[in-house]
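Sequential numbering of the sequence shown, starting at 140, is according to the working numbering.
The C-beta atom is built at its ideal place from N, Cα and C for all residues, glycine as well.
Report on the structure given below.
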Amino acid sequence: MLPANYQQLKEELSKTIPVKRIITNPLQLLAYGTDASFYRLIPKIVVQVHTEEEAVEVIRQTGRLNIPVTYRAAGTSLSGQAISDSVLMVATHEWRKYTILDDDALKIKLQPGITGARANIYLKPFGRKIGPDPASINAAMIGGIAANNASGMCCGTDQNSYKTIADIRIVLYDGTILDTADEASKLSFRETHADLIREIESLRDEIKANPNLSERIRHKFKIKNTTGYSINALVDYDDPIDIIKHLMIGSEGTLAFISDITYYTVVDEKYKACTLMIYDTIEKACSVVPLLKQTPVSAVELLDRDSIRSIEDDPEAPSYFRTLPETACLLLVEIQGNNEDEMADKEKIVRNTISYIETLQPYRFTSNPKEYNFNWKARKGLLSTIGGLRKTGTTCLIEDVAFPVERLGEACVALKELFKRSGYADAVLYGHALDGNFHIVFSQDFNTPSEVQRYADMMDELADIVVNKFDGSLKAEHGTGRNMAPFVEKEWGEAAYKIMVRIKDIFDPNRLINPGVVINQNPKIHLENLKPLPAVNEIVDKCMECGFCEPHCVSEGLTLSPRQRIVIAREISRLKTTMENPARLKQMQHDAQYYSDETCATDGLCGIACPVKIDTGKYVKDWRHDKASGMAKSIASSIGNHMAGTTSAMRGGLNFVHFFHTVLGDTLMGGIASAMRTVSFKTIPKWNKDMPKGAHKIKDIATDTTQADKVVYFPSCINRSMGKSNGYEKGDVELTQKTKELLERAGFTIVYPEGLNSLCCGMAFSSKGLKEEGSRKSKELENALLKASENGKYPVLFDMSPCFYTFHEAYENKNLRIYDPIEFMLDFVMPKLTIKNPRDIVTIFPVCSVKKIGMEEKLLHIAHLCSKEVAFVDSNCCGFAGDRGFTYPELNQHGLRHLSEQVPADCKDGYSTSRTCEIGLSEYSDINFKSIFYLIDEVTK
């Protein structure tokens, strides 16, 4: 039950915002309220705003009712600045508009829901990028990047948001909009908010009249610093609007809502190379950094021996990582340039500058994609990788400090001694050495008062070392949040801190905007509201809720993301253990059935993005298995034992439906099918006009044995059941026949496995958690393929990528040479055929399994061979997910909501490698999607 004022807020907001986006459901509140920090607050209301007008309404109504509100984008922040126990206003999915403001892309205007990586994709054709480059750039959104003044590996203090902001559009506490790019807006603001302007001018003048304070501020911002507010704006600028603009950077959503921001872009150098310099001690490595700072390097990252150890078992890691001495330290150094000569000159300067300092082994700069990408992937994923090594139930913490570069060596020693004294044996040290910025990562148990006190004592001593011994920054780039709020005054001193408090009061006089963040009088706030992390399942227990998975999840924004599913699972586990609230537990379990289970595509793309490779889909399958009844397992076994009859029944059912579709037409058939689904309470699967008729049973498996090459062809049970859709060309044949024709034209003798119509890869069972039957069918198929291929003598072709991937994950006898349809066509078939009639334009869609096995480039290669122009759909899973496009069609609709805008107007056909996915793709694109085999066959005739 909502408190009265919150209920009133909900009623007021529902007049202008759809009620489904005003969330009060306990499960969703917990899920959306979670960020990457180790704190937890559960909001009373989450409002998903889609427009600036809606944001203004939320801000005005919360202000009117004296209700605190917190602004939020991706929630990848680490210091507790994006959580709330009041109202959480989320601006993500509909906040993705951008404008490149000139022909050379020197400036770009971005809404807060665009990820940093997406912004760089927009700028890539111009050879530009945004300045900030945080490790979380693939998940972190522009709103948070600006609000936290996030920096990263290469941007340092010269290309961060503070230095590269051109303009900003903000909504203040009273709903007023200030757009610094609009002269009329600025003029109006000066008139309507003259008192605020005078307050800013007064602060500016006071600081400039105090030479000691002015110099103190300049000195503090020579290194990275996000402790408190960006009060350097009061020193660097005179115009109040310019000061306001820059105060918003690093304000962590405590001063205003950022509606959009315009960045000056920076050059994205064409050539990049990096190297690993290994030194025998951390002190020696640190002594090199000031020298490198005088050379044209773009980045210098430091990894201590423990950091190296956390990644040394990665399959791509150099073997020598495992044999390095315990005192070793690594510097990851990058150079960038516009041409090879420039790169050679820069490398020469670097080598000459540090040649007299001996490394443990020779180093070389590499641009090799595999080596280069591993080096940076390993560095960017360090936080979550180390977090994944911690003991279940503990929290992964990261402290983010900065020191003068010339004192890095002694600072490292001091930090390591601190963690040794404090008993943090697993603490690792790494960071942006070029900027004096170190991250210290360690695991912390918050389950007992003594452990909480140990953390408190360590934090006090850390603050003393950073501030009193080195005059450094307690927060360099992760923001103050709740984590460092008690220490802001300690770092800055009374005079500067009072200025920060005045800034907060100027922009938030009622203290309602993200209260408790940056400015907080509670000296123990960093020890309160700690997030519980109970054990759930070993598949997901190492998750640190970083959110890197979310941009890759098809159900994110519809129901839950992988991170949110894990959050809910942890809460259910906690409630089961404590039994503190049986009613809440029951409600959570009920709601999780739909939000966590039924709308999870289990596609596994989250595992690709996750630094510790957590595949939440596998966890959901485990959950489904645990819930599966004996009857369900018995039915699965019966279906598996009668697969030929099952596919026959599917063919008959599809032909039955297709007959009525032919008689009734699209509109009438659609209406009847929709009504039947409604009256059956959605137990009858959804029908759409692209649903195929039944396939013909493969009866005659005799092939031309005079052909030179043999291939074992396994037609999937889906393609043995589903024939053509209405959108196919009149002369088209179903895929199993098309594959046969194509292979024979390429000179192959086809061998079908024995008992073909009874075989299945097992995906239909394993995806539903019926893993015993799934494993049995996979093994049965493996034996049949071994026999047909004469123990691996001949290659095996699968005609659907998902089936190939399922079998690829399950089969044991590596004598089998199995091939995805893309790889087989490109490597075996197309070299034997001649492209005669290439298409003008086609659209292709890589399904999930294609992405997981790294076949996207090969699919694109085939398409470019077959067509003059190719539109490559940029998307996650399509959301059809086997049969969920029929049973939970909202998942498919959500997954393909941006599909049609990516299909060129003059394109009439799309191609992929999964029959069920193609049904959904056809429905939501208004063009016909079918197997890439049809395109290959067409252009080679």
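Nearest candidate by alpha-carbon position, reference residue i, set the options
{"i": "Val188", "options": "Pro157, Thr201, Ser216", "result": "Pro157"}
{"i": "Tyr261", "options": "Arg1036, Ala274, Asp243", "result": "Asp243"}
{"i": "Ser777", "options": "Gly756, Arg444, Ser897, Leu469", "result": "Ser897"}
{"i": "Ala467", "options": "Leu499, Glu440, Glu481", "result": "Leu499"}
{"i": "Met597", "options": "Gln583, Thr587, Lys608", "result": "Gln583"}
{"i": "Tyr178", "options": "Lys154, Leu925, Thr155, Ser216", "result": "Ser216"}
{"i": "Phe396", "options": "Ala212, Leu1038, Phe1025, Phe626", "result": "Ala212"}
{"i": "Ser1006", "options": "Lys725, Tyr1050, Asp445", "result": "Tyr1050"}
{"i": "Phe853", "options": "Thr331, Asp1045, Ala923", "result": "Ala923"}
{"i": "Gln846", "options": "Glu883, Ile811, Leu874, Glu868", "result": "Glu883"}
{"i": "Ser768", "options": "Lys910, Pro654, Lys828", "result": "Lys910"}
{"i": "Leu442", "options": "Pro429, Pro454, Gln433, Glu422", "result": "Glu422"}
{"i": "Phe265", "options": "Lys246, Gly283, Glu719", "result": "Lys246"}
{"i": "Arg490", "options": "Tyr950, Asn478, Cys413", "result": "Cys413"}
{"i": "Cys1115", "options": "Lys325, Thr741, Pro508", "result": "Residue coverage of the chain in this structure runs from 140 to 1080, which leaves residue 1115 outside it and unanswerable."}
{"i": "Pro648", "options": "Asp1076, Ile269, Tyr312", "result": "Tyr312"}
{"i": "Glu465", "options": "Leu148, Ile336, Phe1019, Asp445", "result": "Asp445"}
{"i": "Val850", "options": "Pro892, Met683, Asp805", "result": "Pro892"}
{"i": "Ala553", "options": "Thr534, Lys530, Gly532, Ile579", "result": "Ile579"}
The alpha helix (DSSP H) enclosing residue i, as first and last residue numbers
{"i": "Cys535", "result": "Here Cys535 belongs to no alpha helix (DSSP H); instead the beta strand (DSSP E) covers 534-541."}
{"i": "Arg1096", "result": "Residue 1096 is absent from the model: the chain starts at 140 and stops at 1080."}
{"i": "Arg329", "result": "322-331"}
{"i": "Tyr301", "result": "300-303"}
{"i": "Asp805", "result": "782-818"}
{"i": "Val197", "result": "191-203"}
{"i": "Gly1049", "result": "No alpha helix (DSSP H) contains Gly1049, which is instead part of the beta strand (DSSP E) from 1048-1051."}
Local Cβ density within 10 Å of residue i, reported as buried at 16 or more and exposed below that
{"i": "Tyr1063", "result": "buried"}
{"i": "Arg1085", "result": "Nothing about residue 1085 can be read from this structure; the chain reaches only from 140 to 1080."}
{"i": "Asp1081", "result": "Nothing in the structure corresponds to residue 1081, since the chain is present only between 140 and 1080."}
{"i": "Glu1081", "result": "Nothing can be reported for residue 1081, as the shown portion of the chain is limited to 140 through 1080."}
{"i": "Phe820", "result": "exposed"}
{"i": "Gly570", "result": "buried"}
{"i": "Glu497", "result": "exposed"}
{"i": "Gln220", "result": "buried"}
{"i": "Ile525", "result": "buried"}
{"i": "Thr1052", "result": "buried"}
{"i": "Ile811", "result": "exposed"}
{"i": "Lys154", "result": "exposed"}
{"i": "Pro625", "result": "buried"}
{"i": "Val890", "result": "buried"}
{"i": "Asp334", "result": "exposed"}
{"i": "Ile753", "result": "buried"}
Where the beta strand (DSSP E) containing residue i begins and where it ends
{"i": "Lys1069", "result": "1067-1070"}
{"i": "Leu724", "result": "No beta strand (DSSP E) holds Leu724; the alpha helix (DSSP H) holding it covers 721-731."}
{"i": "Tyr403", "result": "396-403"}
{"i": "Tyr852", "result": "848-853"}
{"i": "Thr1026", "result": "Here Thr1026 belongs to no beta strand (DSSP E); instead the alpha helix (DSSP H) covers 1023-1026."}
{"i": "Asp318", "result": "316-318"}
{"i": "Tyr569", "result": "567-571"}
Expected contact under 8 Å - CB spacing of residue i and residue j to nearest Å
{"i": "Ser917", "j": "Gly931", "result": "The Cβ separation is near 17 Å, so there is no contact."}
{"i": "Ser1061", "j": "Gly809", "result": "The Cβ separation is near 14 Å, so there is no contact."}
{"i": "Ala278", "j": "Gly696", "result": "In fact, because the Cβ distance is near 14 Å, the residues do not count as touching under 8 Å."}
{"i": "Ala424", "j": "Leu470", "result": "5 Å"}
{"i": "Pro831", "j": "Ser864", "result": "4 Å"}
{"i": "Val606", "j": "Lys629", "result": "6 Å"}
{"i": "Gly295", "j": "Leu528", "result": "Incorrect: roughly 29 Å between the Cβ atoms, too far for contact."}
{"i": "Thr738", "j": "Thr698", "result": "4 Å"}
{"i": "Leu386", "j": "Ser369", "result": "6 Å"}
Item to check | alpha helix (DSSP H) segments (min. 4 residues) lying fully within the stretch 969-1021 | outcome: List check, alpha helix (DSSP H) in window: 987-991, 995-1005.
Next on the checklist: Which complete alpha helix (DSSP H) runs does the stretch 223-277 hold, if anything under 4 residues is left out?
Outcome noted: DSSP runs (the alpha helix (DSSP H)) wholly in the stretch 223-277: 255-262.
Item to check | alpha helix (DSSP H) segments (min. 4 residues) lying fully within the stretch 408-441 | outcome: As far as the stretch 408-441 is concerned, its whole alpha helix (DSSP H) runs of at least 4 residues are 421-432.
Item to check | Within the stretch 606-694, ranges of the alpha helix (DSSP H) (whole runs, at least 4 residues) | outcome: Here the runs fully enclosed are 627-631, 633-646.
Item to check | Ordered list of alpha helix (DSSP H) runs contained in the stretch 916-972, each at least 4 residues | outcome: Those alpha helix (DSSP H) runs which fall completely within the stretch 916-972 and span 4+ residues are 940-949, 960-963.
Item to check | Entirely enclosed alpha helix (DSSP H) segments - the stretch 459-496, minimum 4 residues | outcome: Scanning the stretch 459-496 from its first residue to its last, the whole alpha helix (DSSP H) runs of 4-plus residues come out as 479-493.
Checklist entry - Which runs of the alpha helix (DSSP H), 4 residues or longer, sit entirely within the stretch 855-882? => result Every alpha helix (DSSP H) stretch that sits fully inside the stretch 855-882 and reaches 4 residues is listed by chain position as 856-860.
Next on the checklist: Quick check for students: name the residue ranges of the alpha helix (DSSP H) that lie wholly in the stretch 338-404, counting only runs of 4 or more.
Outcome noted: Taken in chain order, the unbroken stretches of alpha helix (DSSP H) that lie wholly in the stretch 338-404 and span 4 residues or more are 350-359, 372-375, 379-386.
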